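Trainee: Chains as they are written, first to last, in our numbering: chain A, 99 to 468; chain B, 2 to 522.
#1: Between residue 487 of chain B and residue 282 of chain B, which are expected to be in contact by the criterion C-beta below 8 Å, what is the C-beta distance as a whole number of angstroms?
#2: Whole angstroms are fine: how far does the CA of residue 269 of chain A sit from the CA of residue 205 of chain A?
#3: Out of B:330, B:173, B:182, which has the shortest C-alpha to C-alpha gap to residue 321 of chain B?
#4: Using C-beta distances below 7 Å, list every residue in its chain close to residue 33 of chain B, excluding the 5 sequence neighbours before and after it, in chain order.
#5: Using 7 Å as the threshold, is the C-beta distance between residue 405 of chain A and residue 154 of chain A below it?
#6: Looking only at DSSP bridge pairs, what is residue 172 of chain B linked to?
#7: Taking just the CA atoms, how far does residue 100 of chain B sit from residue 407 of chain B?
#8: Just to check my reading of the structure: residue 308 of chain B and residue 347 of chain B have Cβ atoms closer than 8 Å, yes? What is that Cβ distance to the nearest angstrom?
#9: Using a Cβ cut-off of 7 Å (strictly closer), state whether residue 330 of chain A contacts chain B.
#10: I'd like to confirm the pairing. Which residues does DSSP put opposite residue 483 of chain B in its beta bridges?
#11: Nearest-angstrom Cα distance between residue 138 of chain B and residue 16 of chain B?
#12: Assign residue 344 of chain A to one of three DSSP states: helix, strand, or coil.
#13: Looking at C-alpha atoms only, which residue of B:66, B:450, B:312 is the closest neighbour of residue 439 of chain B?
#14: Please compile the residues from chain A whose C-beta is within a distance smaller than 7 Å of the C-beta of residue 355 of chain B.
#15: For chain B, find out if any of its Cβ atoms is closer than 7 Å to the Cβ of residue 101 of chain A; answer yes or no.
#16: Buried or exposed: where does residue 461 of chain A fall if 16 or more other Cβ atoms within 10 Å of its Cβ makes it buried?
#17: Any beta carbon from chain A within less than 7 Å of residue 358 of chain B's own beta carbon?
#18: Between A:443, A:455, A:363, which lies nearest to residue 195 of chain A when the distance is taken from Cα to Cα?
#19: Give a yes or no on whether the C-beta atoms belonging to residue 374 of chain A and residue 184 of chain A are separated by under 7 Å.
#20: May I have the straight-line CA-CA distance separating residue 99 of chain A from residue 407 of chain A, to the nearest angstrom?
#21: Return the Cβ separation of residue 334 of chain B and residue 352 of chain B in integer angstroms, given the expectation that the two are a contact with Cβ distance under 8 Å.
#22: Thinking residue 400 of chain A and residue 410 of chain A are a contact (beta carbons under 8 Å), I'd like their distance in whole angstroms, please.
#23: Whole angstroms is fine: what's the gap from residue 429 of chain A's alpha carbon to residue 105 of chain A's?
#24: Jot down the residue ranges of each uninterrupted alpha helix (DSSP H) in the region 124 to 164 of chain A, minimum 4 residues, whole runs only, in chain order.
#25: So what does DSSP say about residue 497 of chain B, is it helix, strand or coil?
#26: Looking at the secondary structure, which residues open and close the beta strand (DSSP E) in which residue 306 of chain A lies?
#27: Against residue 323 of chain A, what residues of chain B qualify as contacts under a CB-to-CB distance less than 9 Å, listed in chain order?
#28: Is residue 390 of chain B helix, strand or coil when you go by DSSP?
#29: Sort out for me which residues DSSP pairs residue 17 of chain B with in a bridge.
#30: Could you tell me which chain A residues have their CB closer than 7 Å to the CB of residue 352 of chain B, listed as they occur along the chain?
#31: Output yes if chain A places a C-beta closer than 7 Å to the C-beta of residue 264 of chain B; else output no.
#32: Roughly how many angstroms separate the alpha carbons of residue 101 of chain A and residue 84 of chain B, rounded to a whole number?
#33: Do we get a CB-CB distance below 7 Å when we pair residue 110 of chain A with the residues of chain B?
#34: Do you know how far the Cα of residue 215 of chain B is from the Cα of residue 4 of chain B?
#35: Assuming residue 423 of chain A contacts residue 107 of chain A under a Cβ cut-off of 8 Å, what Cβ separation, rounded to an integer in Å, is found between them?
#36: Nearest to residue 236 of chain B by alpha carbon, out of B:140, B:204, B:319, B:354?
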């Protein structure tokens, strides 16, 4: 029989290094997988995980005039990382409170729907100032969708994991219906999609020749603000105490219900914002496929960042690299797209495994013969 | 029974023997070369403070865990006990300190779970026979959640007896019993021993061991420090063997005239939060400045509900039910009550009074954030928190490996000194403390008791909720007893005896019991 028993003194250094160990293990296991598929493993891993960094290094070191072409892949990594970071930093705070919002994908979709509705109903020739109500609508949409599991949890003790997860499908189907019905572009040849957004609703691009947009500032500001909140303010302290020991929270006079509301609305609002930012910057219209799976991948981001909002920034970059690397590997090695999903799944698996084995050790309880 | 001595010739092989038992958890040795010999029909005490290694030893005897090294002998044959089922088959029965009964089932259903299948009716009859012959009155058809704690223990004992044990292990059986219930239990145990069943009685209550047992093994820090005959020792001499040095007995200060009422509870009613919780019924109580009032009672009679009503974790229906310094506070949250001058130390130090994962200075913030201005608007002043933590550690001699460790790394006694000290240094007007020395070593206990008495001496109203009668008698000026969510009138400690408190703990009708106490006074 295998028994997990707590280690008397779990190593703090290992606990911090756990994401690094998990990444290394993912690379090894991924290499074996690719070798089994009959492709050169080292080459594939280089394309998957190192090429964006190599190209970024080229851009840093080459002189002006030669280096511009090398910025494209790194900038695409950042573009992918923006929604992951926005959602992941919010989830990091939420998970810290021991509240498990698994439905960020639904809140992301709802943010896209409500902000898209603003964009589609604005008058012709709307200026860039419309981005402000547009983004706020995205936040409200995400909060609205997160409010449902929060309310059911607080009032009826309904499990927020199930409720938020199920609402993801409701949101996806709602979007599907909208782009085939009320939001459908009359001139769209029957395709299930809305009109394209007016220029006033497109996130401004920061660097010419790339798609790097203003969302990166939003993601960094959000992560830093949440980090300060968690480390320095009473609100963050409340979240940490309620998450670690709810009775101690009650003893301190903190309301558990208020904390559940707070972290659900916060993480939902950020997921909604990510949805609004993403369709504005890359999709630029409403359609059934708006990359809502970012909401699930951001769970890995939050754990990879050690449930620290700043850490989530780094986690977002790593997961974004796996996306871009996956696209490159499809093109260059004809590897199936599903390999990206397998890598992301392995990463979470190894990460949770490392975290567990750092705190516990495995003992084989030998059946001794008397 | 006092005339019966243990001098008759002992059989050649003991029923049970442990030789050189070592149990290590990592570097820490919970048992170090422990030896134990139990004769047939012997009532053997295993004595030691909390953390001395008693529970570890019996868990190994019962097959719950395995020793790192050392051997057990059963009737002279070397034996390895892999799991509790094997222990039961050999004839070892155990009654745990925390009962493993299912509240929603009946007595007979609970017992059936532990035995080989047999018809319920036949089992009910066997239960009735055993309960009659050992004076363990119980109705097999009753649902367990309607039973008192003492009755639940009877269910556990009957469950063991139906398996015809040769050795019955009792782990701290009286911690949940009133003195009267304890006497009934002792009669049962005497009867069992007379029939040849050995008893291993684990306790730190010396008077009980003297009254019941005819041999004792004393553990300290995992080592056997003595084998003795408890009837030949005094409680004090055994205590010294247990603790290892002279015990500092806390002396009450000569009682001063109490000040004004600082904590007043009037007609507090609070419905139970869950099906198995306790409903508080019409509780009234006054604590004056300068006074230590104790609330005695066996476990689970409404103490935790009362504590939560006082801290504000559960709100009363009317503000007037709780007054702190004459301000109605029944509807105020814990922070508002602290600002009004109250301070609280709940029973559970890890997870309620403190968060194990947080550092000591962060744990200061829990109760001090607003009342002591550590939260400046919404920003935390960590410097101020660290300052408080340092002051608490110095004033209460809180020992730790590093400067600002996480609370979970402290030993029980040190963490308890920290959470008590944290509140006392605020110099509160009212201090409510539950189980102030539960599970802490004798040294820490006397520091904490001394500090509570000194705090009252400076004009604070101190309310102590405790299941430890010895503690109540050693520090309190007045004593009330909680039973089934009702509180008896408070009586001056000088007029109370253990017997009177015991009657109230067992639920003797308050009106009926008040008269004799006052007549005597």
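Glycine included, C-beta positions come from ideal geometry on N, C-alpha and C.
What you are looking at is a predicted structure, and each value in this text was computed from that prediction instead of being measured.
Mentor: Looking at the coordinates:
#1: If you number the second chain from 1, residue 487 of chain B lands on position 486. If you number the second chain from 1, residue 282 of chain B lands on position 281. With a Cβ gap of about 5 Å, residue 487 of chain B and residue 282 of chain B count as contacting.
#2: Taking the first residue of the first chain as 1, we reach residue 205 of chain A at position 107. Taking the first residue of the first chain as 1, we reach residue 269 of chain A at position 171. Roughly 8 Å between the two C-alpha positions.
#3: Taking the second chain and counting its residues from 1, the one referred to as residue 321 of chain B is at position 320. The shortest Cα separation from residue 321 of chain B among B:330, B:173, B:182 belongs to B:330.
#4: Numbered from its first residue, the second chain carries residue 33 of chain B at position 32. Excluding positions up to five away in sequence, the list reads 23, 223, 224.
#5: As a working mapping, residue 405 of chain A is identified with position 307 in the first chain. As a working mapping, residue 154 of chain A is identified with position 56 in the first chain. No, the Cβ-Cβ distance between residue 405 of chain A and residue 154 of chain A is not below 7 Å.
#6: Here the question's residue 172 of chain B lines up with position 171 in the second chain. Note: residue 172 of chain B sits in a beta bridge opposite B:203.
#7: In the second chain, residue 407 of chain B corresponds to position 406, counting from 1. In the second chain, residue 100 of chain B corresponds to position 99, counting from 1. Each residue's Cα considered, the two are about 32 Å apart.
#8: Numbered from its first residue, the second chain carries residue 308 of chain B at position 307. Numbered from its first residue, the second chain carries residue 347 of chain B at position 346. Confirmed, Cβ separation roughly 6 Å.
#9: For the purposes of this step, residue 330 of chain A is taken as the residue at position 232 of the first chain. Taking Cβ atoms only, chain B reaches closer than 7 Å to residue 330 of chain A, which makes this a yes.
#10: Position 482 of the second chain, counting from 1, holds the residue named residue 483 of chain B. According to DSSP, residue 483 of chain B bridges with B:488.
#11: Translated into the one-based positions of the second chain, residue 138 of chain B becomes position 137. Translated into the one-based positions of the second chain, residue 16 of chain B becomes position 15. Cα to Cα, the separation comes out at about 30 Å.
#12: Looking up residue 344 of chain A in the first chain gives position 246. In the structure shown, residue 344 of chain A sits in a helix (DSSP, three-state: H, G or I).
#13: For the purposes of this step, residue 439 of chain B is taken as the residue at position 438 of the second chain. Nearest option by C-alpha distance: B:450.
#14: Numbered from 1 along the second chain, position 354 holds the residue referred to as residue 355 of chain B. Correct list: 346.
#15: Taking the first chain and counting its residues from 1, one reaches residue 101 of chain A at position 3. By this cut-off, residue 101 of chain A is not an interface position.
#16: Start at 1 with the first residue of the first chain, and residue 461 of chain A comes out as number 363. So residue 461 of chain A counts as exposed.
#17: Start at 1 with the first residue of the second chain, and residue 358 of chain B comes out as number 357. Yes, because at least one Cβ of chain A sits closer than 7 Å to the Cβ of residue 358 of chain B.
#18: Counted from its first residue, the first chain places residue 195 of chain A at position 97. When each option's Cα is compared against that of residue 195 of chain A, the closest is A:363.
#19: Residue mapping note: residue 374 of chain A aligns to position 276 of the first chain, counting from 1. Residue mapping note: residue 184 of chain A aligns to position 86 of the first chain, counting from 1. Contact: no.
#20: Here residue 99 of chain A refers to the residue found at position 1 when the first chain is read from its first residue. Here residue 407 of chain A refers to the residue found at position 309 when the first chain is read from its first residue. Going from the Cα of residue 99 of chain A to the Cα of residue 407 of chain A covers about 39 Å.
#21: Residue 334 of chain B sits at position 333 when you count from the first residue of the second chain. Residue 352 of chain B sits at position 351 when you count from the first residue of the second chain. Rounded, the Cβ-Cβ distance is 20 Å, inconsistent with contact.
#22: Mapped onto the first chain, residue 400 of chain A falls at position 302. Mapped onto the first chain, residue 410 of chain A falls at position 312. Residue 400 of chain A to residue 410 of chain A, Cβ: 6 Å. Contact.
#23: What you label residue 429 of chain A is simply residue 331 of the first chain in a count that begins at 1. What you label residue 105 of chain A is simply residue 7 of the first chain in a count that begins at 1. For residue 429 of chain A and residue 105 of chain A, the distance between alpha carbons rounds to 46 Å.
#24: 139 to 143, 149 to 159
#25: The count along the second chain starts at 1 and reaches residue 497 of chain B at position 496. DSSP places residue 497 of chain B in coil when its eight states are reduced to three.
#26: Within the first chain, the letter at position 208 stands for residue 306 of chain A. Unbroken run through residue 306 of chain A: none, as it is neither H nor E.
#27: In the first chain, the residue the question calls residue 323 of chain A occupies position 225. In chain order: nothing, as chain B lies at least about 13 Å away.
#28: If you number the second chain from 1, residue 390 of chain B lands on position 389. The answer is helix: DSSP assigns residue 390 of chain B an H, G or I state.
#29: Taking the first residue of the second chain as position 1, residue 17 of chain B is located at position 16. For residue 17 of chain B, which the question treats as bridged, DSSP gives the partners B:39, B:75.
#30: For the purposes of this step, residue 352 of chain B is taken as the residue at position 351 of the second chain. Per Cβ cutoff of 7 Å: 343, 345, 346.
#31: By 1-based counting over the second chain, the position of residue 264 of chain B is 263. Taking Cβ atoms only, chain A never reaches closer than 7 Å to residue 264 of chain B, which makes this a no.
#32: On the first chain, residue 101 of chain A is found 3 positions in, with the first residue counted as 1. On the second chain, residue 84 of chain B is found 83 positions in, with the first residue counted as 1. Near 15 Å, if we compare the C-alpha coordinates of residue 84 of chain B and residue 101 of chain A.
#33: As a working mapping, residue 110 of chain A is identified with position 12 in the first chain. False, the Cβ-Cβ gap to chain B never drops below 7 Å.
#34: Position 3 of the second chain, counted from the first residue, corresponds to residue 4 of chain B. Position 214 of the second chain, counted from the first residue, corresponds to residue 215 of chain B. Reliability fails at residue 4 of chain B, whose pLDDT of 40 lies under 50, so the model's placement of it is uncertain and no value is given.
#35: The count along the first chain starts at 1 and reaches residue 423 of chain A at position 325. The count along the first chain starts at 1 and reaches residue 107 of chain A at position 9. Not a contact, Cβ separation roughly 38 Å.
#36: Translated into positions along the second chain, residue 236 of chain B becomes position 235. When only C-alpha atoms are compared, the closest one is B:204.
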